[in-house]
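Q: Counting in the working numbering, the first sequence tops out at residue 199, every number present.
Backbone N, C-alpha and C fix where the C-beta goes; we use that ideal spot for every residue, glycine too.
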Amino acid sequence: MEELGKVKKIRDLMCGRFTLYDFSKSKLNIKRKVIPNYNIVPNSNVLVIDRNNRITQVKWGISVSWSKKINIINARSETLDEKKIFSKTQRCIFLANGYFEWKRDKVKTPYYHTFRNNMLYFAGIKNGDEACIVTRQSYSNTNIIHERQPVILDYLDFDKWFLKNHNFECLNTKNLLIFRVSTEVNNPRNNTINNILKK
DNA sequence: CCAGACGTTGTT
DNA sequence: GTCTGG
DNA sequence: CCAGACGTTGTT
DNA sequence: GTCTGG
């Protein structure tokens, strides 16, 4: 697995309001150029930090040998330690500038969740070069859109996460900006900045 | 023993 | 493929 | 999830 | 751009 950078260089990644970083089309040095991806879908390439503070590229979604249908893109924090399928995974941290969630009424309306000035760090677990996002019950502000959300880590809590001392609380959730975006994001082929602009 | 599960969210 | 509950 | 349709029969 | 069948 190619090392793409160190955590201390994290600011270098913040050169756009991307959803997650995608290096699928070329092997790029983070410091030079990043291909923005405004519509990450399962099996996309994403960047994670591993427990050695290395940034690596992995596939979003953990597959299993015995089924082609199962592609695990989320893991419930409530049962993370019970599920045998996660027993051999390692903890990691997803780099993101935000995430989409759909409010489901009669129709599905997409919303974007982001911080004003900072990246988002999602609690994740990985198995080799595949990883998934750890989720939890939403807080009062995110629950308006959807009942589940990623566990969003603070930069200072990275070690807690890697050492399994993190309790899945993420009070930083209250600082999220949440706004409606165009339904263009519903189609993975639409991969432009319009996906994350306030509608 | 062995049938049935094995993970989540309904995409993101 | 491997574990587990009945 | 995600490829393929989304129309019809002129044509294939 | 959005829905659906597998």
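Are Val-41 and Pro-188 close, meaning C-beta to C-beta below 8 Å?
A: Their beta carbons are under 8 Å apart, which means Val-41 touches Pro-188 by this criterion.
Q: Once DSSP output is grouped into helix, strand and coil, what is the label at Phe-162?
A: Residue state, collapsed to three classes: helix.
Q: Compute the Euclidean distance between the alpha carbons of Leu-176 and Lys-88, then round it to the nearest angstrom.
A: Going by the C-alpha atoms only, they are around 32 Å apart.
Q: Please determine, among Cys-92, Arg-180, Asn-127, the residue with the shortest C-alpha to C-alpha distance to Ile-62.
A: Considering only alpha carbons, the answer is Asn-127.
Q: By how many angstroms is the C-alpha of Arg-76 removed from the C-alpha of Ser-138?
A: So the alpha carbons of these two residues sit roughly 12 Å apart.
Q: For Val-58, which option in Ile-93, Asp-159, Lys-198 has the closest C-alpha, if you only look at C-alpha atoms?
A: Per the Cα distances, Ile-93.
Q: Measuring only the C-alpha atoms, how far is Asn-97 from Ser-65?
A: The straight-line gap from Cα to Cα measures roughly 32 Å.
Q: Report the start-end ranges of each beta strand (DSSP E) in the segment 54-109 that is 3 residues or longer and not cut off at the edges.
A: As far as the segment 54-109 is concerned, its whole beta strand (DSSP E) runs of at least 3 residues are 54-60, 62-64, 67-72, 74-76, 90-96, 99-104.
Q: Measure the beta-carbon distance from Pro-110 to Thr-173 and round it to whole angstroms, keeping in mind my assumption that it falls under 8 Å.
A: Their Cβ separation, rounded to whole angstroms, is 19 Å, which puts Pro-110 and Thr-173 out of contact at 8 Å.
Q: What's the gap between the Cα of Arg-104 and the Cα of Glu-147?
A: Cα to Cα, the separation comes out at about 11 Å.
Q: Do you know how far the Cα of Thr-79 is from the Cα of Ser-24?
A: With a pLDDT of 34 at Ser-24, under the threshold of 50, the predicted position of this residue should be treated as unreliable, and no value is reported.
Q: Taking Leu-120 and Ile-152 to be in contact with their CB atoms under 8 Å, please state how far apart those CB atoms are, rounded to whole angstroms.
A: That belief holds up - the Cβ atoms of Leu-120 and Ile-152 are roughly 6 Å apart, short of 8 Å.
Q: Helix, strand or coil for Lys-174? Go by DSSP, reduced to three states.
A: Helix, per DSSP.
Q: Just to confirm the assignment, what range does the beta strand (DSSP E) spanning Val-181 have?
A: From DSSP, Val-181 is part of no beta strand (DSSP E); its letter is neither H nor E.
Q: Excluding sequence positions up to five away, which residues of its chain have a Cβ less than 7 Å from the Cβ of Thr-192?
A: For Thr-192, where only same-chain residues beyond five positions count, the Cβ hits under 7 Å are Tyr-38.
Q: So, at 8 Å on beta carbons, what are the nonlocal neighbours of Glu-101 in its own chain, with the 5 sequence-adjacent residues on each side left out?
A: Excluding sequence neighbours, Glu-101 sits near Pro-110, Tyr-111, His-113, Thr-142, Ile-145, His-146, Gln-149.
Q: Report buried or exposed for Arg-180, applying the criterion of at least 16 other Cβ atoms within 10 angstroms of its Cβ.
A: So Arg-180 counts as exposed.
Q: Compute the Euclidean distance between the alpha carbons of Leu-156 and Ser-67, then round it to the nearest angstrom.
A: C-alpha separation (whole angstroms): 38 Å.
Q: Assuming Arg-51 contacts Gln-90 (C-beta within less than 8 Å), just tell me the rounded distance between them.
A: Confirmed, about 6 Å.
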